[in-house]
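Trainee: Okay, here's the structure, questions in a sec.
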Amino acid sequence: MSWLRRREVCIALYVIPALIILINHFTGQLSAAQSEVILWASILATFAIFLGVINMFQHHITVLTRKRPRWPYSIILLAAFISTFIFNYTYPTGYDFIINNLLSSLQMALLAYVGFYSYTLFFRASGTKNPHVLMLLIAMLLGLFYNLPMRDAIWTGWAPIGTWVKDVPNTGGMNALLIGVALGTITLFIRTILGYEESYLGG
Amino acid sequence: MIDRARRGIEVPKVRKLAALQALREVVGRAAEQNKSIHISTGIGGLSDEWAPMTIAAMAIFRRVTEYAGEFGVPIKYYCIRAHMIPAMEDMIQSGYVKGGRPEMYSSEMIEFVGDGQQRAYMAAVMGYLSRERPAANIMLGAGFYETYIVLGAGAVAGCLQIAGTPRLYYQGTIVALSDYPLIGQELYAAAAEITGNPPDLGSLAGQDYSIIICLILMIVTALLATAGTTLWSKLLAW
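Written out as structure tokens, the structure is:
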């Protein structure tokens with residue numbers, strides 16, 4: 001079975017489904033094959049989750065057995081995983097309680113970090129000597145004043161300046177970036193289907 | 001262009017990206033400080049629309065793991081896509097082997113946090129950055145709003161940061177919060193440049209010619225639209 005580990009076989013397993021999807025996108029002639037490929041991908045991805053669960057258990061059981069620092073957190077994680085898994089199949093009310101009252105609240109709390117780190121970004125940017133970041137900072141300030149509810153009470157000039165920044169340099173810059181990114185993606189895809197790019201295979 | 005470069009007819013010279021030149025220095029600095037480095041391939045995997053970004057990130061991390069092996073620096077990778085585990089395990093292990101320190105590799109370097117669970121990922125990485133204070137935080141690939149949080153936590157922890165994503169919404173964030181940003185298509189360019197293979201460099205030249213063609217088309221279209229003809233808009237609609 002060593003031929004299965006040959007790089008050419010692995011590259012072919014990536015390239016052939018990619019070509020089927022690409023050809024179908026432009027011609028519509030391989031829709032049955034495309035559906036089949038997507039179905040196989042879904043099945044493989046589902047089985048891949050087992051790999052993740054094994055990795056998680058291995059890691060936390062090692063932490064527990066070797067009494068690594070912060071080992072009690074591993075007990076909490078494993079207990080949370082097992083109880084959520086069991087409740088999902090045996091006690092839906094308990095599962096809903098975990099999702100709605102514990103998980104959602106914790107996730108909302110994490111979301112709040114975006115606000116805090118936006119200020120980190122602002123302060124870090126304000127201390128730089130890089131001219132590009134200075135431009136970013138000026139654009140951020142213009143955007144800030146443009147979106148203020150009381151902007152017209154401060155100065156009526158914010159609205160036309162903000163609209164111009166948004167519609168002209170911002171749209172132009174974003175479109176230019178988008179074209180570059182699209183061409184970069186196509187180039188990478190060409191390298192991949194020709195077999196030059198194989199980093200997705202690992203080492 | 002790829003074929004011409006492969007045959008050695010014309011191997012293009014490419015501009016050196018600061019982030020790539022800094023990679024060795026960043027890993028070396030981690031070795032001097034006796035600290036680890038954190039790497040992230042973003043939220044995307046290899047089976048979604050973000051796959052090209054993940055592949056580009058992996059091409060760069062292949063070199064990072066080799067440097068880590070050479071300098072004896074531990075790596076930490078939090079995994080958000082289960083199918084990435086074997087690929088990254090193989091990459092990190094091979095990197096240590098190529099770098100001459102195969103004994104340094106440990107399966108604990110890769111930690112799964114839940115498939116597609118962005119908040120769990122953020123919590124795990126923030127905790128790691130604030131506890132361990134690694135020397136460097138390298139975030140490449142498809143970045144979503146965790147880019148703010150992870151780069152913010154890295155900045156607070158004093159990490160030297162390299163970040164790059166082609167996703168448009170986060171260009172400002174990576175420019176402001178990282179020491180060596182890779183903006184827009186630079187991530188793809190870096191993935192080709194880091195190998196130094198002529199076909200990869202040739203593909204970059206081909207990409208540049210495509211950009212020139214796009215620019216010419218844009219100018220011609222703008223001029224024709226100003227003149228009042230709808231020929232180009234009909235062609236482009238096709």
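Sequence lines, in order, name chains B and A.
Take the first sequence: its letter number 163 is residue 163 in my numbering, and every next letter is one higher.
Take the second sequence: its letter number 123 is residue 123 in my numbering, and every next letter is one higher.
Every residue gets a Cβ at the ideal spot worked out from N, C-alpha and C, and that includes glycine.
DSSP state of A/Lys76, grouped into three classes?
Mentor: For the purposes of this step, residue 76 of chain A is identified with residue 76 of the second sequence, where counting begins at 1. Strand at A/Lys76.
Trainee: Using the Cα positions of B/Lys166 and B/Thr185, report the straight-line distance between them to the nearest angstrom.
Mentor: Translated into the one-based positions of the first sequence, residue 166 of chain B becomes position 166. Translated into the one-based positions of the first sequence, residue 185 of chain B becomes position 185. Roughly 26 Å separates the two Cα atoms.
Trainee: Just to check my reading of the structure: A/Leu168 and B/Met174 have Cβ atoms closer than 8 Å, yes? What is that Cβ distance to the nearest angstrom?
Mentor: Position 168 of the second sequence, counting from 1, holds the residue named residue 168 of chain A. Position 174 of the first sequence, counting from 1, holds the residue named residue 174 of chain B. Right, their Cβ atoms sit about 6 Å apart.
Trainee: Quick one: is A/Ala190 near chain B, going by C-beta distance under 8 Å?
Mentor: The residue labelled residue 190 of chain A in the question sits at position 190 within the second sequence. Chain B, which has no Cβ nearer than 8 Å to the Cβ of A/Ala190, makes this no.
Trainee: Go through its chain and collect everything with a Cβ distance to A/Ala82's Cβ below 6 Å, but skip five positions before and after it.
Mentor: Locating residue 82 of chain A in the second sequence gives position 82, where the first residue counts as 1. Answer for A/Ala82: Asp115, listed in chain order.
Trainee: When the distance is taken between beta carbons, is A/Gly143 closer than 8 Å to A/Gly28?
Mentor: Counting from one through the second sequence, the residue named residue 28 of chain A turns up at place 28. Counting from one through the second sequence, the residue named residue 143 of chain A turns up at place 143. Against a cut-off of 8 Å, the Cβ pair of A/Gly143 and A/Gly28 comes out as no contact.
Trainee: Name the residues in the region 2 to 18 of chain A whose C-beta lies less than 9 Å from a C-beta of chain B; which are they?
Mentor: So the list reads Ile2 and Arg6, given in the order they occur along the chain.
Trainee: Between the region 196 to 210 of chain A and chain B, which residues of the former have CB atoms less than 8 Å from a CB of the latter, in chain order?
Mentor: Residues passing the 8 Å Cβ filter: Asn197, Pro199, Asp200, Ser203, Leu204, Gly206, Gln207 and Ser210.
Trainee: Using alpha carbons as the reference points, say which of A/Ala124, A/Ile55 and A/Ile162 lies closest to A/Pro136.
Mentor: Start at 1 with the first residue of the second sequence, and residue 136 of chain A comes out as number 136. The sequence shown places Ala at residue 136 of chain A, not Pro. Ranking the options by Cα distance to A/Ala136, first place goes to A/Ile162.
Trainee: Give the straight-line distance between the Cα atoms of A/Gly164 and A/Thr230, rounded to the nearest whole angstrom.
Mentor: In the second sequence, counting from the first residue as 1, residue 164 of chain A sits at position 164. In the second sequence, counting from the first residue as 1, residue 230 of chain A sits at position 230. Approximately 39 Å, taken between the alpha carbons.
Trainee: Which runs of the alpha helix (DSSP H) spanning at least 4 residues fall entirely within the region 55 to 99 of chain B, listed in chain order?
Mentor: Taking only runs of at least 4 residues, the alpha helix (DSSP H) segments lying wholly in the region 55 to 99 of chain B are 71 to 90 and 92 to 97.
Trainee: Is there a C-beta anywhere in chain A that falls below 8 Å from the one on B/Ile49?
Mentor: Your numbering for residue 49 of chain B matches position 49 in the first sequence. Chain A, which has a Cβ nearer than 8 Å to the Cβ of B/Ile49, makes this yes.
Trainee: For B/Ile193 and B/Val15, I'd like the C-alpha separation in whole angstroms.
Mentor: To locate residue 193 of chain B, count along the first sequence from 1; it is residue 193. To locate residue 15 of chain B, count along the first sequence from 1; it is residue 15. If I take the Cα positions, the gap works out to 5 Å.
Trainee: Could you please tell me which residues of the region 27 to 58 of chain B, in chain order, have their CB closer than 8 Å to any CB of chain A?
Mentor: Going along the region 27 to 58 of chain B in chain order, one finds Ala41, Leu44, Ala45, Ala48, Ile49, Phe50, Leu51, Gly52, Val53, Asn55, Met56 and Gln58 with a Cβ nearer than 8 Å to chain A.
Trainee: In chain order, what residues of the same chain have a beta carbon less than 6 Å from the beta carbon of A/Ile2, not counting five sequence neighbours either side?
Mentor: Position 2 of the second sequence, counted from the first residue, corresponds to residue 2 of chain A. Within the same chain, A/Ile2 has close Cβ partners Pro199, Gly202 and Ser203.
Trainee: For a cutoff of 8 Å on Cβ pairs, would you count A/His38 as touching chain B?
Mentor: Within the second sequence, residue 38 of chain A is the residue found at index 38, counting from 1. It does not: the Cβ of A/His38 has no partner Cβ on chain B nearer than 8 Å.
Trainee: Output the residue ranges of the beta strand (DSSP E) runs that lie fully inside the region 7 to 45 of chain A and measure 3 residues or longer, sorted by chain position.
Mentor: Those beta strand (DSSP E) runs which fall completely within the region 7 to 45 of chain A and span 3+ residues are 37 to 42.
Trainee: Rounded to the nearest angstrom, what separates A/Gly141 and A/Val64 at their Cα positions?
Mentor: Start at 1 with the first residue of the second sequence, and residue 141 of chain A comes out as number 141. Start at 1 with the first residue of the second sequence, and residue 64 of chain A comes out as number 64. C-alpha separation (whole angstroms): 15 Å.
Trainee: Going along the chain, which unbroken runs of the alpha helix (DSSP H) with 4 or more residues stay wholly within the region 97 to 146 of chain B?
Mentor: With a minimum length of 4 residues, the continuous alpha helix (DSSP H) runs that stay inside the region 97 to 146 of chain B are 104 to 126 and 131 to 146.
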